[in-house]
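Asker:
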Amino acid sequence: MQNYTQSAGDTELIAAFLSGKSEQTLALFQYFVQQYARLGNIMLHPTKTMIAIGHPDKRVAWITQLGKNFINVVFPFKEAYYDNLCFTKIGLVPGSTSQVNHHFRMYSTDDLTDEVLKFMRLSLEQH
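Numbers in the numbering used here are just positions in the sequence shown, counted from 1, shifted up by 7.
Written as structure tokens, this is what we have:
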């Protein structure tokens, strides 16, 4: 069941992005997007290299890589949240004074902990 929106043209781009990915990776992608959609109304916005999650005019996270058995997600925040157990890398975007990217890698649905859900909610609230 799909509980997020995308335009007709985006459906084809997302399908191309997901083409050839493992069942595990596709399941992680679907689960992650569904959990985001449970937190608020979201849209998927595919680009050449990633799929953005957000509202019509603002992006709140990016799925940057669909690996063999994982997905990588980047959350942009206005400040660094170092006191956490979920991000593998946190850094100021080069050339920016106000965007700090927080990198999260998901191997299992169990990786979507309460802590990660808290940051997902925060990303929706800040934008």
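A virtual CB, placed ideally from N, CA and C, is assigned to each residue, including glycine.
Between the alpha carbons of proline 83 and histidine 109, how many angstroms are there, rounded?
Answerer: Distance between the alpha carbons of proline 83 and histidine 109: 6 angstroms.
Asker: Return the Cβ separation of leucine 92 and glutamate 132 in integer angstroms, given the expectation that the two are a contact with Cβ distance under 8 angstroms.
Answerer: With 8 angstroms as the limit, leucine 92 and glutamate 132 do not qualify as a contact, their Cβ atoms being about 21 angstroms apart.
Asker: Flag this pair as touching only if the region 95-107 and the region 48-64 have three or more C-beta atom pairs under 8 angstroms; answer yes or no.
Answerer: Too few Cβ pairs lie closer than 8 angstroms, so no.
Asker: By the DSSP assignment, the beta strand (DSSP E) with methionine 57 in it spans what residues?
Answerer: It is not in any beta strand (DSSP E) - methionine 57 carries neither H nor E in the DSSP assignment.
Asker: If I'm right that phenylalanine 111 touches threonine 95 with Cβ under 8 angstroms, what's the distance once you round it to whole angstroms?
Answerer: That pair is a contact at about 7 angstroms.
Asker: What distance in whole Å lies between the Cβ atoms of valine 40 and leucine 51, which are believed to be in contact at a cut-off of 8 angstroms?
Answerer: Indeed, because the Cβ distance is near 7 angstroms, the residues count as touching under 8 angstroms.
Asker: Can the beta-carbon of phenylalanine 126 be found less than 9 angstroms from the beta-carbon of isoleucine 70?
Answerer: For phenylalanine 126 and isoleucine 70, no; Cβs fall outside 9 angstroms.
Asker: Looking at the structure shown, is phenylalanine 36 part of a helix, part of a strand, or coil, going by DSSP?
Answerer: Helix at phenylalanine 36.
Asker: What does the alpha-carbon distance come out to for the pair tyrosine 114 and valine 81?
Answerer: Their backbone Cα atoms lie some 15 angstroms apart in a straight line.
Asker: According to DSSP, is leucine 119 part of a helix, a strand, or is it coil?
Answerer: Leucine 119: coil per DSSP, three-state reduction.
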